[in-house]
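In our numbering, the protein residues as written are 27 to 220.
In this text, a Cβ means the ideal position worked out from N, Cα and C, and glycines have one as well.
As the structure is a computational prediction, the values presented were derived from the model and not from experiment.
Take a look at the structure set out below.
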């Protein structure tokens, strides 16, 4: 990381994008290792750099900014900073939604992932109805694309399970069971990971 930092200091235009990518990846791996505080710090720096890059060249860097904002939302949520987490996740979804309008085949799956993160954060903050709406949209988007991109199937299953849980928490047992029945009737292949 220090080498990338030095390179970015000497030549930001060339090396800041790589530094931001490394910081974002580091944040993901630190989070997976349970080092949440360090993960949050790395992702915050990645967002800061990517925000600056996206201002100068949105077509190239907005997708990276949106991805980092989703990751930041997760890290902030894990740190108990739910309000900030929602702000980051909402901004990510807004960017993905705008990008998906122009290029749905490329960006709708990212929007679905972002909506799933947003739904999890809303559910943790007792925004169950809003979370349910986000899962409904995510499920629709994933279903639209899963035939051409089967690796999305585990994501579809994950957000569908979340949707069933939200329906149950809202007291909508019949609707929850309908969703769970779909999951049982459409199991993941053995080599899939959810």
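Whole angstroms are fine: how far does the CA of residue j sit from the CA of residue i?
i	j	result
residue 128	residue 85	11 Å
residue 35	residue 61	27 Å
residue 42	residue 48	10 Å
residue 137	residue 31	31 Å
residue 52	residue 28	13 Å
residue 63	residue 70	11 Å
residue 192	residue 87	34 Å
residue 106	residue 112	11 Å
residue 197	residue 154	11 Å
residue 169	residue 130	13 Å
residue 206	residue 83	44 Å
residue 179	residue 81	34 Å
residue 102	residue 215	33 Å
Taking C-alpha atoms, which residue in the options lies nearest to residue i?
i	options	result
residue 67	100, 78, 87, 43	100
residue 65	109, 104, 167	104
residue 39	146, 79, 216	79
residue 118	194, 130, 77, 106	77
residue 195	218, 209, 158, 175	158
residue 144	185, 132, 125, 207	185
residue 91	50, 54, 130	50
residue 133	171, 176, 110	171
Should residue i be labelled buried (16 or more other beta-carbon atoms within 10 Å of its own) or exposed?
i	result
residue 121	buried
residue 181	buried
residue 89	buried
residue 213	exposed
residue 37	exposed
residue 135	buried
residue 218	exposed
residue 203	exposed
residue 57	buried
residue 59	exposed
residue 183	buried
So, using beta-carbon positions, are residue i and residue j closer together than 8 Å?
i	j	result
residue 33	residue 73	no
residue 167	residue 156	no
residue 150	residue 108	yes
residue 152	residue 115	no
residue 199	residue 161	no
residue 75	residue 45	yes
residue 187	residue 209	yes
residue 142	residue 164	yes
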